[in-house]
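Numbering (the numbering used here), first residue to last: 32 to 137.
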């Protein structure tokens, strides 16, 4: 089953996955956890889409993925992925990261 996400939604979904993995800390999160969070924001997201975006984010060296044929995939942020989520480094095109809101700015 294919989803009908636009390119803008896919770029935003990548950010949602990164944030979900950040919340998971050093354990990261499973593909099912990421799917549940994604479905709260985007109707029709499939597990195939989550796996595709895991592959994309891993190719960008933002996450590491432990793949399995018999159990859930597990992913966690790399050092660079954490820096992207923490707004420490610029994000390349393909991921829609919201602008940083400085809580101390007046």
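Even for Gly, the Cβ is constructed at its ideal location relative to N, Cα and C.
For residue i, name the three-state secondary structure that DSSP assigns.
i           : result
residue 69  : helix
residue 123 : coil
residue 105 : strand
residue 96  : strand
residue 136 : coil
residue 77  : coil
Is residue i near residue j, with beta carbons less than 9 Å apart?
i           : j           : result
residue 48  : residue 88  : yes
residue 52  : residue 76  : no
residue 46  : residue 128 : yes
residue 122 : residue 50  : no
In angstroms, rounded to a whole number, what distance separates the CA positions of residue i and residue j?
i           : j           : result
residue 103 : residue 131 : 32 Å
residue 62  : residue 95  : 12 Å
residue 78  : residue 125 : 20 Å
residue 80  : residue 133 : 32 Å
residue 36  : residue 135 : 36 Å
residue 90  : residue 108 : 12 Å
Looking only at its own chain, which residues have a Cβ that is under 8 Å from the Cβ of residue i, when we skip the five neighbours before and after it?
i           : result
residue 149 : Since the first residue of the chain shown is 32 and the last is 137, residue 149 is not available in this structure.
residue 111 : 92, 93 and 120
residue 55  : 64 and 107
What residues in its chain sit with their C-beta under 6 Å from that of residue i, if we drop five residues either side in the sequence?
i           : result
residue 39  : none
residue 162 : Because the chain in this structure spans residues 32 to 137, residue 162 falls outside the shown range and cannot be described.
Quick one: residues in its chain with C-beta nearer than 7 Å to the C-beta of residue i, no 5 flanking neighbours on either side, listed in chain order?
i          : result
residue 98 : 104
**Report entry** Touch test, the stretch 62–78 against the stretch 103–117, Cβ-Cβ under 8 Å, three pairs minimum
**Finding:** yes
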